[in-house]
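Trainee: Got a structure here, written out as structure tokens. Questions coming.
Numbering (this note's numbering), first residue to last: 164 to 466.
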């Protein structure tokens, strides 16, 4: 029986690039140790933040194996997002993850021949689960990017009935009422991960206590403090801390697209250079980066 016991904060890790757009694998040991030292127990490799949809499959495989090799000895659960490529490669990546020792899978839907019904989506996830039957499989619901907008509570119920190793979803949507419905639909051993950093506290108040968010790379302790405040039922403290995280996000988003701005922010806050985004995305300007730094300093979140 496949079990899944991951909860709390899960940063989707960046793919660090050199200026010539080659992958900087050498930074992974330092990066992984930084996260482990901050109390992080699990990471997502290959999510939106990791830009794997823009990479060759051979590069995705090496990144997966490097994170498994380096992260697992640090006690980090390695979840891998395998979607965002041709379906034969999705299945190939699923098998590869099982073979090299990844701990769980997350998958986007098919992005061109999109599923048009809950049954279509369950069939898709079912094929992936058969390719890696020993691994927990979760679905990545991000309709703002995938444009797949199906009934998630209905999908979770149907996938649970048909897919033995289906263990939940990453829910990247601002509608927390539906997120709460998903939570109520899950069975024991399944998890819904929030994918909206700016809703961490309100989601936790609804019972969604696990989250996958880019800003947990930059501000893992702030995010942890938000969840701790909710656990203590200190609503005012949770609200104040959430507002601080929201302002940090707002300092970034006015300057460009999500991955380029967050890669810049990661260097500002941690000193770990993530480099430019993968093509065809473009890095933000030096002036934009300086504006982000000024705002983060005013929040006490950067030197």
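For each residue, glycine too, the CB sits at the ideal point set by N, CA and C.
Nearest-angstrom Cα distance between residue 401 and residue 390?
Mentor: Against the chain shown, residue 401 aligns to sequence position 238. Against the chain shown, residue 390 aligns to sequence position 227. Residue 401 and residue 390: Cα-Cα distance of roughly 7 Å.
Trainee: So, with DSSP's three-state summary, where would you put residue 382?
Mentor: Locating residue 382 in the chain shown gives position 219, where the first residue counts as 1. Note: residue 382 maps to coil in three-state DSSP.
Trainee: Drop a sphere of 10 angstroms on the beta-carbon of residue 151, count the other beta-carbons inside from all chains shown, and report buried for 16 or more, exposed for fewer.
Mentor: The structure shown does not extend to residue 151, since the chain is modelled only from 164 through 466, so no value can be given for it.
Trainee: Determine the contact status of residue 243 and residue 260, defining contact as a CB-CB distance below 7 Å.
Mentor: For the purposes of this step, residue 243 is taken as residue 80 along the chain shown, with counting starting at 1. For the purposes of this step, residue 260 is taken as residue 97 along the chain shown, with counting starting at 1. For residue 243 and residue 260, yes; Cβs fall inside 7 Å.
Trainee: For residue 464, tell me which candidate among 445, 354, 384 has the shortest Cα-Cα distance.
Mentor: Here the question's residue 464 lines up with position 301 in the chain shown. Among 445, 354, 384, the Cα nearest to that of residue 464 belongs to 384.
Trainee: Roughly how far, in whole angstroms, is the beta-carbon of residue 305 from the beta-carbon of residue 335, given that I think they are within contact range, below 8 Å?
Mentor: Translated into the one-based positions of the chain shown, residue 305 becomes position 142. Translated into the one-based positions of the chain shown, residue 335 becomes position 172. Between residue 335 and residue 305 the Cβ distance is about 4 Å, and since that is below 8 Å, they are a contact.
Trainee: Assuming residue 417 and residue 459 form a contact by the criterion Cβ under 8 Å, report the distance between their Cβ atoms to the nearest whole angstrom.
Mentor: Here residue 417 refers to the residue found at position 254 of the chain shown. Here residue 459 refers to the residue found at position 296 of the chain shown. At roughly 13 Å, the Cβ-Cβ gap does not stay under 8 Å, so residue 417 and residue 459 are not in contact.
Trainee: Go to residue 412, then tell me how far its alpha helix (DSSP H) extends in each direction, as first and last residue.
Mentor: Residue numbering aside, residue 412 sits at position 249 when the chain shown is read from its first letter. Taken as a continuous stretch (DSSP letters only), the alpha helix (DSSP H) holding residue 412 covers 398–416.
Trainee: Do residue 380 and residue 174 have their C-beta atoms within less than 7 Å of each other?
Mentor: For the purposes of this step, residue 380 is taken as the residue at position 217 of the chain shown. For the purposes of this step, residue 174 is taken as the residue at position 11 of the chain shown. A contact, by the Cβ cut-off of 7 Å.
Trainee: Could you tell me which residues DSSP pairs with residue 244 in its beta bridges?
Mentor: Indexing the chain shown from 1 puts residue 244 at position 81. Note: residue 244 sits in a beta bridge opposite 269.
Trainee: List the residues that DSSP assigns as beta-bridge partners of residue 366.
Mentor: Translated into the one-based positions of the chain shown, residue 366 becomes position 203. According to DSSP, residue 366 bridges with nothing at all.
Trainee: For residue 375, tell me which candidate among 369, 386, 368, 307 has the shortest Cα-Cα distance.
Mentor: Taking the chain shown and counting its residues from 1, one reaches residue 375 at position 212. The residue with the shortest Cα to Cα distance from residue 375 is 386.
Trainee: In this structure, how does DSSP classify residue 204 when only helix, strand and coil are distinguished?
Mentor: The count along the chain shown starts at 1 and reaches residue 204 at position 41. If DSSP states are grouped into helix, strand and coil, residue 204 belongs with coil.
Trainee: Quick one, which of 324, 425, 237, 456 has its alpha-carbon nearest residue 444's?
Mentor: For this step, residue 444 is matched to residue 281 along the chain shown. Looking at the Cα atoms, 425 is the closest of the given residues.
Trainee: Under 8 Å Cβ to Cβ from residue 282, same chain only, skipping five residues before and after it: list those, please.
Mentor: Numbered from its first residue, the chain shown carries residue 282 at position 119. The answer, listed in chain order, is 321.
Trainee: What residues are listed by DSSP as bridge partners for residue 239?
Mentor: Mapped onto the chain shown, residue 239 falls at position 76. Beta-bridge pairing links residue 239 to no other residue.
Trainee: Taking the alpha helix (DSSP H) that residue 210 belongs to, which residues open and close that run?
Mentor: Counted from its first residue, the chain shown places residue 210 at position 47. Element bounds for residue 210: n/a, residue is neither H nor E.
Trainee: Which one or two residues does DSSP pair with residue 303 in a beta bridge?
Mentor: Along the chain shown, read from residue 1 onward, the residue named residue 303 stands at position 140. Note: residue 303 sits in a beta bridge opposite 333.
Trainee: Excluding sequence positions up to five away, which residues of its chain have a Cβ less than 7 Å from the Cβ of residue 146?
Mentor: Limits of the chain in this structure are 164 at one end and 466 at the other, which puts residue 146 out of reach.
Trainee: The alpha helix (DSSP H) spanning residue 227 covers which residue range?
Mentor: Start at 1 with the first residue of the chain shown, and residue 227 comes out as number 64. First-last of the alpha helix (DSSP H) with residue 227: 220–234.
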